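Quick notes on the structure that follows.
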Amino acid sequence: MKKKIASLMTASLALAMVVSGCSTSTKESGTTPAASGPSETAKAAETKAASPVEITFWNMFGGGEGDFVDQIIKGFNDSQKEVTVKQLRLESNEYYAKLSTALSSSKGPDVAVAHVDRISPFVKAKQIVPIDQLASKVGFDLKQITDSNLKSVTYVGKPYAVPLDTHFHMFYYNKDLLKKADLLNADGTPNLGELSPEGFKKTLSQIKAKVPDVQPLAVNTPYFQEPFLNLYYEAGGDLLNADMNKAAINNEKALSVLKFYMDLYNNKYSDLNDKTPWDSFNNGKAALWFGGVWEAGLLLGDKSKNIGAMPLPAIFGSQTHWASSHLLVVPSYVTPEKQEASAKFMKYFSEVGGQTWGQAGHVPANSKVTASAEYNKLPYRNFFIEAQKTVKFAPKTDKYTTIITTVSESLQNIIFGKQSPEDGLKNLEKQINEVLAN
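Numbering-wise (the working numbering), the sequence shown opens with residue 773 and increments by one.
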């Protein structure tokens, strides 16, 4: 899912809706159907019963993620004859515009992918349905889903989605470069020294001194809101207050995190102008990287790269860090028959497809999957599971999309010197409050 984000296309989407109809016959005067043969209505009913219910599934997964989804859909379709899933894959930068239009117009998918931080507006507008009763109908025990994931999709006591995973950042390290910097322990783990802002900068300075031709730490400057939130949440910060009606970002915690990152740029521990830091790390041009779990296949799958992974170090005092989640949702306009068919697919995706999805790097939300020997055979997954326990999801407000866009733009202004950190945070607080007030 890298990189995962928001051009609306003007072409409209035509989806084929397959509807099984019952035919009726008009009897001729004095004509009675043969007692031994089924009526036309009965024949139609048999045909309908024999035909699988076809549901449309919208998602935005491309590349390797898309390949895994293809496998899951094929596995589901081949496993039974009651439901057939047909998918429509949209570009990620147009996905939510098209999904929002579909939900508003009641014309679109029967089941769709959404991120946890995008469903609040859909819940508020009653455009998606609670899934607890649907899950019960198809024998899907939602207690299999981790508490944090299920809580993240629960509104007024009702879960409105099936969480598929948790995705967040891990701390990836290049063992060969750390060895050159005399910072690799005998067991192949990094020697990071004192875990504090000053201690971590000291570690980076040692890498710079001993391996001067690489970045000590590649920072995801193009999407800086994510590495910022990682350390801001470590420091105990929040975007909004508890009532979610005021900004809570203009404080010393946010200021200290910003100054930390700006020190990295100023001391050349990180390259402010690196537009593809993920490639820099992958190509051996950076020693350390806060990278997504979705990069695990690329970074950990090739042993010749000699890359390791661990949870993000507690530089600012705690292990709490940014996270998001992929979900499956069912629109309110979907017929009861197709809602139940969609629930069967969601159950399969979670319970069976979760094993396949775990190979993509995302930590499956189904605890039975993460407890399985198959999942734990994947490299470093014990650390992935450990890191999943301390995630912090977005606040559940229907205005989050606007808020995080505002945060992203403001942070770019700060790190590129258009505003001081103090003025930038003050202006950001004002802008967020304006969003919440409207």
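Just so you know, even glycine gets a beta-carbon here, dropped at the ideal spot from N, CA and C.
If you're wondering where the values come from, they're calculated on a predicted model, not measured in any experiment.
- Between Phe1156 and Val1135, the C-beta spacing is below 7 Å.
- Contact between Pro988 and Ala1059 holds, since their C-beta atoms are separated by about 5 Å, short of 8 Å.
- Distances from the alpha-carbon of Ser1180 to those of Asp954, Gly838, Ile900, Phe1000 put Phe1000 closest.
- Ranked by Cα distance from Met942, the options Ser1042, Gly1056, Trp1061 are led by Trp1061.
- Ranked by how close their Cα comes to the Cα of Phe996, the residues Met1082, Val1124, Ser1097, Pro1049 have Pro1049 in first place.
- Taken through DSSP and simplified to helix, strand or coil, Pro1151 comes out as coil.
- Judged by pairs of C-beta atoms under 8 Å, the region 858 to 865 does not touch the region 893 to 902, as fewer than three such pairs exist.
- With 16 or more neighbouring CB atoms inside 10 Å of its own CB, Gly1125 falls in the buried class.
- Tyr868 carries a helical assignment under DSSP once its states are collapsed to helix, strand and coil.
- If you draw a 10 Å sphere on the C-beta of Gln916, you find 16 or more other C-beta atoms in it, and that means buried.
- The three-state secondary structure of Ala1020, taken from DSSP, is coil.
- Nearest Cα to Asn946 within the set Lys1077, Val825, Gly965: Lys1077.
- Taking a contact as a CB-CB distance under 8 Å, the pair Leu936 and Trp1066 does not count as one, their CB atoms being some 12 Å apart.
- Our two residues, Lys1198 and Asn1022, have alpha carbons roughly 6 Å apart in a direct line.
- Around the beta carbon of Glu1112, 16 or more other beta carbons sit within 10 angstroms, so the residue counts as buried.
- Judged by beta-carbon spacing, Ser1114 lies within the 7 Å limit of Asp882, meaning their Cβ atoms are closer than that value.
- Gly971 and Gly965 have their alpha carbons spaced roughly 6 Å apart.
- In this chain, the beta strand (DSSP E) harbouring Met1082 covers 1079 to 1082.
- Ser1139 is not a Cβ neighbour of Thr938, given a cutoff of 7 Å.
- Rounded to the nearest angstrom, the gap between the Cα atoms of Ala1014 and Tyr1105 is 33 Å.
- Per DSSP, the continuous alpha helix (DSSP H) segment holding Trp1129 begins and ends at 1125 to 1130.
- At least 7 Å separates the beta-carbon of Leu1070 from that of Tyr944.
- When the Cα atoms are used, Ser1096 and Glu837 turn out to be separated by approximately 16 Å.
- Following the DSSP letters along the chain, one finds Gly1063 inside the beta strand (DSSP E) bounded by residues 1058 to 1064.
- For Pro988, the enclosing beta strand (DSSP E) stretches over residues 987 to 990.
- Per DSSP, Asn1138 lies in no beta strand (DSSP E) segment and is marked neither H nor E.
- Here the alpha carbon of Asp954 sits roughly 59 Å from the alpha carbon of Lys853.
- Ranked by how close their Cα comes to the Cα of Tyr932, the residues Tyr1041, Gln978, Asn1054, Val1101 have Val1101 in first place.
- The beta carbon of Thr975 sits closer than 7 Å to those of Leu955, Leu964, Gly965, all from its chain and outside the five residues before and after it, given in chain order.
- A residue is called buried once 16 or more other Cβ atoms fall within 10 Å of its Cβ, and Glu1146, having fewer, is exposed.
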